[in-house]
Ligand code: SAH
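Residue numbers (the numbering used here): 616 to 860.
This is the structure:
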């Protein structure tokens, strides 16, 4: 079936049904163990660099959250600017690689009340990465955030868990916070995810009751990797979410 133009044009809820795949935590851990981490980027994300001012909104010394953080290099970049960075990731390997690759000494601490979870914190104290499932967190544990960088996070969440994820994210945002969200668009009949396809209608249904949602930019991110998945287009879409007062 020629789904390219059709998939792009028909970016509505009907397409989501094609993506019922559920990725188990074990599968993510295995990806890290076997080095299948094509999602990881060595360079800072161009959209974060371009729209950083919108995230910061003139503020300094923010608490910025990286859900499903992997070893995202932007965490070090924002910490170096004087912000406090808080991440969560199920793979301990990913977090240890982050600290090792940036030559950052760190300490490990248990997370009170969350069995099996621990926090890896840079010795300087400005980067705190929780090693547990995001669903184990709450504002009682991590506090609330002034900014969120969600890249490879909502799109990595199993479609059946999206509502739970969005409710948790809303509960972790300060009223004045800015949430930059990167989603992906492609023909969901041709690739089962992750990353999962998340159309604008889905973002509105997840966050629209609480947040103002504005699309900032759509960029072509098509590469050989996506061609190998059987796709013929792949877009990244950046949104800014803000609480409606
Ligand atoms: N945001 C990162 C990583 C994206 S890939 C980046 O941009 O590079 C998604 C990551 O989420 C993987 O590293 C995976 O191990 C992690 N992950 C998957 N489910 C999770 C969960 N429930 N809680 C925390 N991390 C999770």
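We put the beta carbon where it would ideally sit given N, CA and C, even for glycine.
Check                                                                                                   : Outcome
Local Cβ density within 10 Å of residue 674, reported as buried at 16 or more and exposed below that    : exposed
Alpha carbon of residue 898 to alpha carbon of residue 652, nearest angstrom                            : Outside the shown range of the chain, which is 616 to 860, sits residue 898, and nothing can be said about it.
Rounded separation between residue 794 and residue 649 - CA only                                        : 32 Å
Stretch-stretch touch, CB-based, cutoff 8 Å, three pairs: the region 676-685 with the region 696-711    : yes
Run of the beta strand (DSSP E) containing residue 832, from where it starts to where it stops          : 826-835
Residue 808 versus residue 636: straight-line alpha-carbon distance, rounded                            : 7 Å
Residue 656 beta carbon near the ligand SAH (any heavy atom closer than 7 Å)                            : yes
Cβ separation of residue 685 and residue 709, assumed to be a contact under 8 Å, to the nearest whole Å : 5 Å
Local Cβ density within 10 Å of residue 661, reported as buried at 16 or more and exposed below that    : exposed
Residue 785 - DSSP class collapsed to helix/strand/coil                                                 : helix
Chain C within 8 Å of residue 736, Cβ atoms only                                                        : In the structure shown, chain C does not exist; there is a single protein chain.
Sufficient close CB pairs (3 or more, under 8 Å) joining the region 838-857 to the region 813-828       : yes
Residue 692 Cβ short of 7 Å to the ligand SAH heavy atom set                                            : no
Segment limits, beta strand (DSSP E) that includes residue 722                                          : 721-725
From 718, 824 and 683, residue whose alpha carbon lies closest to that of residue 644                   : 683
Range of the contiguous alpha helix (DSSP H) that encloses residue 840                                  : 839-843
Identity of the residue in 704, 842 and 840 nearest residue 765 by Cα                                   : 704
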